[in-house]
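These notes concern the structure reproduced below.
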Amino acid sequence: MHFIDATVDRWQPLVEGEPPRDHALLSLEQWNARRDHWPRNVPTGISLPNTADVEELATEVARWSLIVLHFPKWTDGRAYSQARLLRARLRFGGEVRASGDVLVDMLPLLQRSGFDAAQLRADQDRANAQRALHFFERGHYQGDVLQSRPLFARSI
Amino acid sequence: MYQYTDFDRHFVHARAAQFRDQLQRHLAGQLSEDDFRPLRLQNGWYVQRHAPMLRIAVPYGELSSRQLRQLAVIARRFDRGFGHFTTRQNLQFNWIPLHQSADVMDLLAEVDMHGIQTSGNCVRNITTDALAGIAPDEAVDPRPYCEILRQWSTLHPEFAFLPRKFKIAVIGAREDRAAIGWHDIGLQLLKNDAGEAGFKVLVGGGMGRTPVIGTVVSEFVPWHEILVFTEAILRVYNRYGRRDNMYKARIKILVKAEGERFVQAVHTEFRAILERDAGGREHLIPQAELDRVAHHFTVPAGVVAHAAQADDTHTTAQSLPVAYQRWLERNVHGHRLQGHRAVTLSLKRAGQPPGDATADQMDAAAALADRFSHGELRVTHDQNLLLPWVRSDELRSLWEEARHAGFATPNIGLLTDMISCPGGDLCGLANARSIPIAAAINERFDDLDLLYDIGDIDLHISGCINSCGHHHSGHIGILGVDKDGAEWYQITVAGSDGSTLSGQAAPGKVIGPSFAADEVPDVIEALIDTYRAQRQSGEHFIDTARRIGAPAFRAAADAVRRATAHAEAA
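Protein chains in written order, with this note's numbering: chain A, 116 to 271; chain B, 25 to 594.
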């Protein structure tokens with residue numbers, strides 16, 4: 116899991132009217148407006164609301180290096196399904212980042228759903244986040260994005 | 025019953041350690057109450073009226089005597105000496121201080137127990153028929169599937185923060201003893217014409233403010249596909265269930281709003297998982313895994329079918345004590361193994377709230393389980409305990425010991441075998457108290473001859489619209505409501521849980537404005553009198569209620585009305 120420090124993050128939002136550049140982070144609206152003319156050779160990130168149907172974006176994800184998924188409240192679990200679909204169904208291989216109300220106690224769920232980066236809420240402690248990832252060293256019952264085989268398929 | 029593997033044991037200890045870490049951060053001020061709440065809820069810790077309530081999972085209602093003794097230890101050492109068995113086959117404590125919660129989780133883990141997902145907006149403890157594996161009318165034993173579903177749904181990373189709580193019930197018999205139509209997912213195991221096992225799948229049942237009966241989403245899902253099918257349902261719900269309004273967030277609202285589109289979405293998602301997803305077929309259950317889990321649910325060693333020497337259930341001898349005959353009639357149930365019976369230990373008796381058991385009673389029930397039922401008990405959907413492996417030639421001894429321990433009230437299925445939530449005495453959500461209402465009704469109907477004359481009837485009491493006491497499905501339902509700061513009770517008739525006795529699952533009909541607490545016993549008596557006056561030969565209360573309709577009952581109830589809440593009279 117990669118923890119994002121916003122102050123030194125190379126991915127910066129695209130300002131309206133700004134020309135295409137490396138590591139520009141676009142909203143879905145910006146992308147929809149500019150995708151036809153957006154160059155294919157610049158690393159591009161996109162930020163999705165948790166209401167976005169990622170399956171509708173199936174033909175576009177290959178053009179992105181980063182997808183930022185959003186937790187408006189940490190108890191709103193829609194982005195877990197988005198991440199899982201991006202990885203398992205759309206085979207997205209770039210970075211999937213959690214943003215918004217991201218708490219350390221979400222880390223095991225994030226990691227197992229396909230997130231590989233998290234921008235913690237400002238008051239969260241990174242050491243606690245690291246510790247949160249190591250309570251279940253023997254793994255879990257059901258398969259997930261990291262380990263697609265459930266316990267019964269691992270042990271039989 | 026299921027025996028924990030090394031992995032299972034390690035897992036619940038890991039969960040207890042994780043909870044202790046979260047609790048310590050909370051107590052140290054590093055984790056706010058708002059952020060801690062969903063974490064403690066998913067471990068079973070509610071903060072209630074007086075203290076936190078701990079809800080302990082009893083997976084599909086199966087409990088060993090060893091576990092029950094440990095619950096008694098916890099009741100004595102950390103609580104005020106009693107616990108409450110719930111309609112979802114769990115056990116609740118009410119008085120454990122939060123700072124001791126991690127210690128209790130460790131004690132539970134010692135006996136392979138926990139509070140994982142007994143609360144919060146996640147998949148809750150899976151419930152089933154209390155007669156699973158022993159019922160004469162069973163097509164397929166649901167317990168191995170319950171255990172496989174339990175494992176799959178435990179700490180599922182994608183479905184830990186659903187729009188709202190999510191309850192699954194599974195049955196494998198012709199009779200529905202788990203009210204599957206009232207669950208977010210109701211599963212009925214059956215066999216197709218080729219003799220293969222599979223599930224009829226209902227989705228979107230639920231109680232609360234908007235009572236809804238589940239919709240059939242598939243008539244037959246082959247057993248080995250059930251995890252994938254459940255995943256499809258939960259993914260559609262997680263993505264599209266409403267989150268803007270807590271009262272419209274259950275899956276029933278999505279199913280109602282979308283109708284056939286919901287059904288199509290589930291089937292489309294199901295196919296997409298299997299046909300397109302990386303690892304999408306990994307959760308098809310292999311025969312070897314079903315066999316491995318099913319092996320845990322074989323008949324206990326030493327239990328063999330036999331023709332009983334003296335089987336009192338077949339005796340019509342006048343010499344048997346009347347109390348014993350009544351107990352045989354009401355508390356003893358048929359068994360698929362010849363020479364065996366299932367026996368209900370009634371937790372419905374005068375002077376104690378429905379479903380409650382003291383620490384001493386837990387120990388006594390554990391002792392009965394050891395002596396008569398190979399150390400195994402079940403928690404029933406209607407808040408009693410049940411011994412699944414009783415030899416029919418030991419019924420008389422069991423009756424005597426159960427009577428001595430206070431478990432032999434011969435009232436199973438009768439009016440005083442009522443379902444009730446803990447209500448406003450203990451619960452922070454309740455609008456009104458349930459326990460005094462249950463006690464008053466118990467007092468009013470203390471004549472066993474009268475109870476037997478009334479016959480089979482479901483009386484269900486909820487202290488608020490959250491419906492933990494299943495008032496919607498009661499033949500008579502009582503719902504606590506708050507009007508101008510006072511406790512009032514709305515009464516319904518002709519609700520059904522979906523059993524053969526009760527008919528197709530349906531919410532009861534309200535019979536007019538709410539009643540004051542002290543009117544409730546009079547109203548219940550008026551309803552019962554109406555039934556007794558109007559019943560035709562062989563009719564149970566529910567039959568008469570359905571035939572003559574709510575208005576007749578409303579008139580009888582109004583005749584004993586003395587007070588009416590102003591808000592409603594206006």
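The beta carbon of each residue, even a glycine, is placed where N, CA and C say it ideally should be.
TODO: Just grab the DSSP bridge partners of D380(B) for me.
DONE: H108(B)
TODO: Please name the residues in the region 161 to 188 of chain B whose beta-carbon is closer than 9 Å to at least one beta-carbon of chain A, in chain order.
DONE: I172, R174, Q175, W176, S177, T178, L179, H180, P181, E182, F183, A184, F185, L186, P187
Task: Own chain, CB closer than 7 Å to R373(B), minus 5 neighbours either side, in chain order - done: G430, T433
Task: Spatial distance of Q514(B) from F565(B) (CA atoms) - done: 19 Å
- [ ] Please work out which residues of its chain come closer than 6 Å, Cβ to Cβ, to R150(A), disregarding the five sequence neighbours upstream and downstream, and give them in chain order.
- [x] none
Task: Distance, S343(B) Cα to P76(B) Cα - done: 51 Å
- [ ] Indicate whether at least one CB of chain B lies closer than 8 Å to the CB of Q257(A).
- [x] yes
Open item on the list: Between the alpha carbons of H496(B) and A529(B), how many angstroms are there, rounded?
Closed with: 10 Å
Task: Distance between beta carbons of M386(B) and A52(B), contact taken as under 8 Å - done: That belief does not hold up - the Cβ atoms of A52(B) and M386(B) are roughly 35 Å apart, past 8 Å.
Open item on the list: Against R199(A), what residues of chain B qualify as contacts under a CB-to-CB distance less than 7 Å, listed in chain order?
Closed with: E182
- [ ] Could you tell me which residues DSSP pairs with P246(B) in its beta bridges?
- [x] G222(B)
TODO: Go ahead and label K188(A) buried or exposed: buried means 16 or more other beta carbons lie within 10 angstroms of its beta carbon, across all protein chains shown.
DONE: exposed
TODO: Go through the region 481 to 514 of chain B residue by residue and report every complete run of the beta strand (DSSP E) that reaches 3 residues or more, in order.
DONE: 483 to 486, 500 to 507
Open item on the list: Using a Cβ distance threshold of 8 Å, determine whether the region 32 to 50 of chain B contacts the region 185 to 195 of chain B, with at least three qualifying pairs required.
Closed with: no
Open item on the list: Nearest by alpha-carbon distance to V260(A): which of R585(B), G303(B), R570(B) is it?
Closed with: G303(B)
Open item on the list: Please report whether the beta-carbon of D220(A) lies at a distance below 8 Å from any beta-carbon of chain B.
Closed with: yes
- [ ] Starting from F118(A), find everything on chain B with Cβ-Cβ shorter than 8 Å and list it in chain order.
- [x] None at all; the shortest Cβ gap to chain B is about 17 Å.
Open item on the list: Would you say F250(A) lies against chain B (beta-carbon separation less than 8 Å)?
Closed with: yes
Open item on the list: Using 8 Å for Cβ pairs, my map puts G493(B) next to S458(B). What's the rounded Cβ distance?
Closed with: 6 Å
TODO: Assign V279(B) to buried or exposed, taking buried as 16 or more other Cβ atoms, counted over all protein chains shown, within 10 Å of its Cβ.
DONE: buried
Task: Where T190(A) meets chain B, residues with beta-carbon distance less than 8 Å - done: P62, N145, F185
Task: Reduced DSSP category for F186(A) - H, G, I as helix; E, B as strand; rest coil - done: strand
Open item on the list: Just to check my reading of the structure: E249(B) and L308(B) have Cβ atoms closer than 8 Å, yes? What is that Cβ distance to the nearest angstrom?
Closed with: 6 Å
Open item on the list: Under DSSP, the beta strand (DSSP E) around W413(B) begins and ends at which residues?
Closed with: 409 to 415
Open item on the list: By the three-class DSSP mapping on this structure, what secondary structure does Q94(B) have?
Closed with: helix
Open item on the list: Would A242(A) pass as an interface residue toward chain B - the criterion being a Cβ-Cβ separation below 8 Å?
Closed with: no
TODO: Measuring only between beta-carbons, confirm whether Q46(B) sits less than 8 Å from chain A.
DONE: yes
Task: Where D59(B) meets chain A, residues with beta-carbon distance less than 7 Å - done: L218
TODO: On a CA-only basis, which of A163(B), T142(B), L78(B), N114(B) is nearest S125(B)? Give me that one, please.
DONE: L78(B)
TODO: Using a Cβ cut-off of 8 Å (strictly closer), state whether R212(A) contacts chain B.
DONE: no
Open item on the list: Quick check on DSSP: helix, strand or coil for K272(B)?
Closed with: helix
Open item on the list: Since D406(B) and A456(B) should fall inside the 8 Å C-beta cutoff, what is the C-beta to C-beta distance between them, to a whole number of angstroms?
Closed with: Not a contact, Cβ separation roughly 21 Å.
Task: Local Cβ density within 10 Å of A594(B), reported as buried at 16 or more and exposed below that - done: Caution is warranted here: a pLDDT of 42 is assigned to A594(B), below 50, making its placement in the model unreliable, and the coordinate value is therefore given only provisionally. The residue in question, A594(B), is exposed, as its Cβ has fewer than 16 Cβ neighbours within 10 Å.
Open item on the list: Can you confirm whether Q42(B), when its beta carbon is compared against all beta carbons of chain A, has any partner nearer than 8 Å?
Closed with: yes
Task: Under 7 Å from the C-beta of F321(B): neighbouring residues of chain A - done: Going along chain A, no residue has its Cβ under 7 Å from F321(B), so there is no contact; the nearest lies around 16 Å.
Task: Own chain partners of V290(B) with C-beta closer than 7 Å, once the 5 adjacent residues on each side are dropped - done: V241, A256, I257, V260
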